[in-house]
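What follows is one structure encoded as structure tokens, with my remarks underneath.
Residue numbers (our numbering): 796 to 960.
Structure follows, in structure tokens:
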């Protein structure tokens, strides 16, 4: 079975629209699926998709494309990155880099920015983030859960939000 079909069948159970379902059915590689995750992040976040057990089954294949499951380590200047499961990570952005970061489930992520870096972070579930923005860098955080923890130093904006739009 094509990987896109397997994932699409799971996604349709969680309300994926027909247009994206048909698109996903045609996909035969993990890279395109991960690109769809970041492109459709609003739906993915609201529907907790991919479910953690599904992400864990494919964690080795999705890691190169920015979906990190139960990850431990350091990442720097990555454009799109999602920490899922029980990740414990350090993320760095500097220079003129721009990043979109997701912290979900029970992930613990330390974020350091400097230079003119801009980082946009979505924090969900029981994730914990510690952010230090120095120099002219800026971090914008969207907090989707009362259970998550956010600590900040520097030029950081935190907005409490939900999926009701």
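For glycine and all other residues, C-beta sits at the position ideal for the given N, C-alpha and C.
Since we're looking at a predicted model, the values are computed, not measured.
query: Look at the Cβ atom of residue 891, then the Cβ atom of residue 910, and state whether they are nearer than 8 angstroms.; result: yes
query: Please check the pair residue 948 and residue 936, which I expect to be a contact at CB under 8 angstroms, by giving their CB distance rounded to whole angstroms.; result: So it is not a contact: roughly 13 angstroms between Cβ atoms.
query: Suppose you measure from the CA of residue 824 to the CA of residue 806; what does that come to, to the nearest Å?; result: 16 angstroms
query: Tell me where the beta strand (DSSP E) around residue 850 begins and ends.; result: Run containing residue 850: none in the beta strand (DSSP E); it sits in the alpha helix (DSSP H), 847–852.
query: Is the Cβ of residue 908 closer than 8 angstroms to any Cβ of chain B?; result: Of the protein chains in the structure, only one exists, and it is not chain B.
query: Going by alpha carbons, who is nearest to residue 991 out of 836, 875, 905, 899?; result: As shown, the chain starts at 796 and ends at 960. That puts residue 991 outside it, with no answer to give.
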